[in-house]
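Report on the structure given below.
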Amino acid sequence: MSEWLVLSLAMAAACAVVLTIVVINHRRLPEDDDPSETPDVIEYMTMMIGVVYAIVLGLAIAGVWEARSAAQETVRQEAQALHEISARAQVYPPAVRDRIRADVDAYVTYVVHDEFPYMSNHSALSDTGTELLEKVRRSVTDYQPANDFEGQAYQPLVDQVAVADDARGARGQNAGATMPGVVWFGLIIGALVTVGLIFTLQIRRTGREVLLAGLFSALIAFLLFLIWDFDAPFGRGIAATAAPFTDLFPQLVG
């Protein structure tokens with residue numbers, strides 16, 4: 003069964019139960035019942051809806067911000083691993099060392115100048131970047147150490163390649179939007195209901211009330227925009243950047 007169908011049935015069932023209870027309770031009231039003696043339920047409902055929606059907005063903002071921070075951390079791990087490969091290759095013969103560093107430099111240059119824009123437009127990693135990282139792997143793993151000193155450096159280099167590959171995979175998983183569609187449905191409906199409650203309270207056209215209503219609506223719109231902007235860690239304005247690469251390889255991207 004589709005999740006949207008389950009959601010629709012659950013919402014319809016909840017509404018039906020509440021309306022049924024209201025109708026039954028209304029029929030059981032005596033004719034001399036005075037509703038003015040009971041508290042006004044509209045104020046309680048308005049307050050609770052505002053509180054619940056504020057909690058949902060806060061959780062959504064925290065979730066997308068955490069996803070953005072995690073995406074930036076994967077970039078840092080990938081850049082650090084590649085920097086370690088380039089530095090630890092110092093123990094190898096000049097020809098091997100230069101080949102490894104050239105492959106690392108080519109990969110970093112491509113990631114900074116080409117793959118980050120590609121991720122922003124396609125929400126996925128590029129095949130060229132995968133091929134360049136595989137070339138780095140082959141440069142490291144295909145060399146057979148000539149002595150014990152080189153042999154001691156070989157396994158750490160292989161491990162750093164694995165770390166870079168794992169971080170690249172995590173970067174690819176974070177390339178697209180992270181917020182499920184059903185959450186966006188709840189956020190938008192909740193915004194409409196919350197702003198719509200302004201009119202249930204008989205808002206007047208005084209300057210103060212109109213100003214507060216406008217500011218409240220603008221605040222809701224701003225928070226929804228903030229969630230949307232953070233939702234794609236590599237794709238929109240406040241996105242994860244290639245700063246770790248540029249910091250560790252300034253000679254390539256300066």
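Following our numbering, the numbering of the sequence shown begins with 3 at its first residue and continues without gaps.
Note that CB positions come from ideal geometry on N, CA and C, so glycine has one too.
Taking the straight line between their C-alpha atoms, what separation do you get for residue 109 and residue 60?
39 Å
When you compare each of 90, 198, 84, 17 to residue 248 by their alpha carbons, which one comes out closest?
84
Let's test the definition: count the other Cβ atoms within 10 Å of the Cβ of residue 170 and tell me whether it reaches 16, buried, or not, exposed.
buried
Return the CA-CA distance between residue 151 and residue 93, expressed in angstroms with no decimal places.
8 Å
Between which two residues does the alpha helix (DSSP H) containing residue 121 stretch?
118-124
Give, in chain order, every unbroken run of the beta strand (DSSP E) that is at least 3 residues long and sits entirely within the stretch 147-180.
none
Reference residue 254, options 48, 115, 86, 51, closest by Cα:
115
Can you check which of these residues, 189, 211, 244, 87, is closest to residue 227 by C-alpha distance?
Cα-wise, what sits closest to residue 227 is 189.
Does the stretch 132-143 touch the stretch 52-70, meaning 3 or more C-beta pairs lie closer than 8 Å?
no
Simplified DSSP assignment, three categories, for residue 46
helix
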